[in-house]
Structure formats: structure tokens, C-alpha cells
Amino acid sequence: MWTETIVALLFVLARLYTRVRIVRNIGWDDHLISISMFLFLGYTILITIAATDGFGSHLTDLGLPQAVKAIKWEIAGQTFNIAAIGTSKSSVAVFLLRIVTSKSHIWILWFCIASTSFVCASCIVFMYTQCTPLESIFNPTLPHVCYLNFTVNAIFSGSYTAAMDFVLAIFPWFVLWKLNMKRKERLTIALGLSLGVFAGICGVIRAVELQGISGKADYTYLTLPLILWGSTELLICIVCASVPILRPLYKQVRGVHSSNTPYELGNTPSRQLDTGGKDFESTAKASREGIVTRAEGNTTMFMGGTQYNSSDEEILQGVFPPQRMHISLQCASPQPLSVRQRNLPVTFTHQPHFDSFAKNGAASKVPF
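Residue 150 in UniProt numbering sits at position 150 of the sequence shown, with consecutive numbering throughout.
Okay, structure coming up:
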């Protein structure tokens with residue numbers, strides 16, 4: 001478990017470094033994955049404490065006080081695990097919300113977030129309210145009354161979260177190919193999130209192992225596979241949520257990424273956006289194509305008659321950093337230029353959706 005926890009921590013740290021230092025744009029998906037990592041760490045610590053008290057051993061090999069302590073720490077760890085499963089899957093869905101533009105897709109993702117959160121929260125509540133008194137959950141030898149069949153709830157919650165893994169793994173393949181995004185970016189995101197299929201497989205196995213939670217016979221031994229599969233599922237969720245974010249870091253390590261390299265803006269109907277693209281051509285070529293920037297609803301940029309809308313590029317705010325560009329325009333007209341028109345060099349901070357340029361100048365037109 002500690003090995004999986006350390007691997008997950010490395011991915012989260014790499015993700016946060018990419019978002020904070022390279023992209024400089026951190027979002028709610030990053031906050032959720034950070035919460036998941038803290039919960040994962042707490043889960044591992046609590047299970048480690050339970051193991052020192054005998055968890056993983058046969059119940060007959062433990063004394064009653066030792067068994068009660070082991071079960072208490074294990075159930076506390078389960079609480080962290082279930083919460084982390086909910087936040088990690090929500091992080092993936094929030095990440096996809098930065099990509100999709102269709103209202104139906106947005107509603108689907110919000111349904112995934114809300115339903116997964118509700119199922120995980122209800123599972124935690126039912127785990128602690130299934131029987132009275134509360135101590136009987138840790139010590140089944142005490143007289144108690146049970147109101148809920150926790151086995152049914154556990155199997156349902158495990159199956160549902162596994163189903164969400166499959167949905168979030170398949171969903172990007174239907175959405176990304178409808179957006180104006182570079183093929184390489186589509187593949188990076190889709191393949192990274194497709195790792196969620198393996199998390200779903202772990203979830204299915206975990207749903208079967210969840211039956212051990214209510215098993216009173218040899219509980220400390222029978223629930224060990226549940227703990228291990230829960231840890232593996234969390235690791236895969238964190239990895240698949242982080243892989244699509246790490247491309248700028250990968251480019252920086254490879255020496256391809258450069259803070260002075262502008263985005264590639266093609267003059268075809270589909271935009272080409274990449275930090276490793278061609279340099280933006282200046283002077284005569286820029287003046288021939290013409291540049292108009294507007295701030296009406298969705299910010300739009302026109303280059304040579306080609307429209308670039310910001311709505312489909314929202315994901316690139318979280319994948320690529322803003323770039324600094326210097327554009328020098330030359331007048332192609334034989335008419336004399338006014339003093340204002342001669343002052344053509346323009347410097348601005350370029351972002352995929354051009355919000356900063358729009359805010360600075362409302363509706364402006366570069367003279368030429």
C-alpha cells in the first residue's frame with residue numbers, strides 16, 4: 001500500500017508543479033485530486049496502524065481487545081477510502097467539464113459528480129448507522145440491533161462507482177473528436193482517462209470483496225483483499241486524472257517546451273494549438289492576413305478570415321501556459337500613415353481563449 005501511495009503522491013506533485021509553475025492555472029480538479037491524495041495518505045496510515053494491531057491476521061489468533069482495535073482502525077481507514085474514491089472520480093469529471101461545450105455533456109458530467117458523491121457519502125453514513133450501539137460495529141460480541149443490511153449498500157456503492165469509472169473512461173472518446181483540438185491533444189487526454197477502465201475493474205472486484213465488511217466470521221482476515229483493491233483503485237484513479245495534465249511537463253523535460261514559443265495558429269478552419277508549434281509569422285505576412293480581436297460573448301480571433309472561438313479551447317487553459325508574443329505589423333497600403341498608425345508593434349499576453357486581450361481592450365482593431 002505504501003508503494004502505491006508514494007507513486008500516487010509523485011503523480012499529484014508532478015501535476016501540481018505543472019499547473020502552478022508551468023501552466024500557472026490551477027483549477028477545482030486540482031483541488032479535488034489533492035484532497036484525494038490526502039485521503040489516500042490517511043487511508044494508508046490508518047490501515048498501517050490497524051495492521052500493527054493484528055489486522056490481516058485470523059481473528060482466532062487475536063485477543064478480543066486487540067481485534068476490536070484492529071477493526072476500529074480498519075473501518076476508519078475505509079471511511080477515508082470511500083471519500084477518496086468519490087473525490088478522485090469527481091476530479092476527472094471536473095477536468096472534463098473544462099473541455100465540453102454541449103449542455104447535454106455538461107449535465108451528464110454534473111450527474112456523475114453529484115450521484116457519485118451522494119453514493120459515497122451515503123455509504124459512509126450507513127456504515128456507521130447500520131447498528132446500535134455504535135461500538136457494536138467494532139465489537140460484534142456486544143448486544144446490538146441492526147437496522148440496515150450494509151452488505152447490500154456496500155455492493156451497490158462499489159458497483160456504482162465502478163460503473164462511473166467506465167463512463168468517465170469512455171466519455172472522452174465521444175466528446176473530444178467533436179471539438180476543434182489537435183489530434184495529439186485529443187489522444188493524450190483520451191488515452192490518459194481511458195486508464196479509468198482498470199480502475200473500474202478494480203472497483204468490480206472491490207464490490208465483491210465488500211461483502212466481507214459485514215462478515216462477522218474472521219473479519220480481520222477476510223477483508224484484507226478489499227483493502228488492497230481499494231488502494232489500487234485509488235492509485236489508478238489518481239494516475240488517469242493526472243496523465244493528461246502532465247504533457248507540458250513532459251515537453252519541458254524533453255527540452256521542447258519554451259516560454260517564448262507561441263501557439264501555432266493555422267489558417268485552416270480547425271485551429272492548431274500547441275506550445276511546440278511553428279513560430280508566429282510577423283511583419284508582412286501578419287499584415288496581409290489581418291488580425292481583429294473582439295470581446296463579444298465568447299472571445300473570438302480572426303486570422304485571414306478564419307474564426308477561432310474560445311469555447312473549445314477552454315481545456316488548453318489547464319494544459320498550456322500563457323505565452324508572450326511580440327507582433328510587428330507593416331502597412332501594405334501605399335497611403336501615408338498617421339502618427340498613431342506608425343506605432344504598430346504590439347505586445348500582449350497570449351492565452352488560448354484570448355480573455356486577457358479582450359478585457360484590456362473591449363473591442364479593438366489593430367490598425368494597418
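Don't be surprised by glycine CBs; every beta carbon is placed ideally from N, CA and C.
As summarised for the region 46–108, there are no continuous beta strand (DSSP E) elements at least 3 residues long confined to that stretch. Minimum Cα-Cα distance from A84 among the listed residues L59, A8, L246, V167 corresponds to A8. Under DSSP, T132 shares a beta bridge with V145. For G192, the uninterrupted alpha helix (DSSP H) segment begins and ends at 183–194.
Less than 8 Å divides the Cβ of R15 from the Cβ of I33.
Taking C-alpha positions only, K178 is separated from V197 by approximately 22 Å. Bounds of the alpha helix (DSSP H) holding D165 are 150–175. Pairing A162 with A207 gives a Cβ-Cβ distance under 8 Å. Excluding sequence positions up to five before and after Y221, its CB lies within less than 6 Å of the CB of H58, all in the same chain and listed in chain order.
Assignment of L234 by DSSP, reduced to helix, strand and coil, places it in the helix class. Cβ contact annotation for T60 (same chain, cutoff 8 Å, sequence separation greater than five): D218, in chain order.
For G86, same chain residues with a beta-carbon under 8 Å away, outside a window of 5 residues either side, are T116, S117, V119, C120, A121, T161 in chain order.
Non-local beta-carbon contacts of V204 in its own chain, meaning distances under 6 Å to residues more than five positions away in sequence, involve A162 in chain order. By the criterion of at least three beta-carbon pairs nearer than 8 Å, the region 86–95 is in contact with the region 164–178. Ranking L13, F80, L62 by CA distance to the CA of I45 puts F80 first. Taking C-alpha positions only, G158 is separated from V23 by approximately 35 Å.
When DSSP states are grouped into helix, strand and coil, R24 belongs to the coil group. By the C-beta density criterion, C146 is exposed, having fewer than 16 other C-beta atoms within 10 angstroms. In terms of Cα proximity to Y250, the closest of G27, Y17, S231 is Y17. Per DSSP, L179 lies in no alpha helix (DSSP H) and is assigned neither H nor E.
Nearest to A70 by alpha-carbon distance, out of G77, E233, A50, is A50. For T3, the uninterrupted alpha helix (DSSP H) segment begins and ends at 2–17.
Only exposed fits L10, as fewer than 16 other CB atoms lie within 10 angstroms of its CB. Per DSSP, P244 is not a residue of any alpha helix (DSSP H), being assigned neither H nor E.
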